[in-house]
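FYI, the numbering for the sequence shown is 0 to 181, going by numbering that gives the first Met the number 0.
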Amino acid sequence: MARIKRHDTRRLWRRSREEKRRLSEGGGGTARQQTSEAVDDQSDSDLKVSLEDLTADEIDRAYHCVIHFDEVYGSLLLKEKEIRDNIEKLCQLKASVEEKIANLKVVIRSPDSQSIKKVKAAMRTSSEIQESIISLEQDLTRVRLNQTVAEANYSSCARVVNEDVNGLGDDLLFGFIGHVFR
């Protein structure tokens with residue numbers, strides 16, 4: 000009884016012969032296609048915005064978001080470039096420190112306390128640089144996440160603005176100008 004319970008979970012991962020044959024023949028992709036079509040249908044229904052559900056402040060925020068998107072996204076791009084440059088500089092510095100460590104190890108034939116201290120200090124410097132690189136990579140990930148959030152926010156706000164402008168019957172540019180001067 001204990002053996003059955005212990006090995007029972009392995010059966011969950013096994014595939015039947017028919018399932019293996021179906022997957023090897025390429026028949027396994029039909030379920031994925033159906034789900035992706037369902038997601039597309041759902042996303043099309045999400046694209047339609049009902050302006051009756053939105054307040055005037057929400058519509059104003061949507062216009063503000065669309066108008067100031069370039070500033071926000073541009074600052075995020077500049078921050079990303081700055082972080083990438085810093086990471087590149089630190090990687091070059093780390094490579095030179097590791098090269099220095101390798102040269103010290105080759106040159107030292109009989110290790111004395113002074114040469115061991117130099118190697119340990121260089122190794123400590125290398126690990127500190129690596130920690131800085133990891134920290135900057137985390138910052139870069141945060142910036143990219145903020146970019147994605149800004150793009151998604153812009154997309155949703157652009158739909159609201161587009162529906163508002165279409166409701167007025169104006170061209171997009173004139174709709175912007177008309178909303179700003181209301």
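For glycine and all other residues, C-beta sits at the position ideal for the given N, C-alpha and C.
All values reported here derive from a predicted model rather than from experimental measurement.
| Item | Value |
| --- | --- |
| Taking the alpha carbon of G115 as the point to measure from, which residue in S125, L103, S95 and V164 has its own alpha carbon closest? | Looking at the sequence shown, residue 115 is not Gly but Ile. Checking every option, the nearest Cα to that of I115 belongs to L103. |
| Just to check my reading of the structure: S125 and V96 have Cβ atoms closer than 8 Å, yes? What is that Cβ distance to the nearest angstrom? | 5 Å |
| Give me the residue from R141, L89 and G73 with the minimum Cα distance to I132. | L89 |
| Among the residues of its own chain, which have a CB less than 6 Å from the CB of L139, if the five just before and after it don't count? | I82 |
| Tell me which residue opens and which closes the alpha helix (DSSP H) that S74 is part of. | F68 to V106 |
| Which of the three DSSP states is assigned to S134 in this structure? | helix |
| Kindly indicate which three-state DSSP category S109 falls into: helix, strand or coil? | coil |
| K99 and I128 look like a contact to me (Cβ under 8 Å); what is the Cβ gap, rounded to whole Å? | Not confirmed; about 12 Å, so no contact. |
| Is it buried or exposed, V148, if we count other Cβ atoms within 10 angstroms and call 16 or more buried? | exposed |
| Got a sec? Which residues, its chain only, sit under 7 Å from C64 by beta carbon, not counting five neighbours each side? | N152, Y153 and C156 |
| When the Cα atoms are used, what is the spatial distance from E87 to R123? | 20 Å |
| Counting only the same chain and skipping the five closest in sequence on each side, list residues whose C-beta sits under 8 Å from that of D56. | none |
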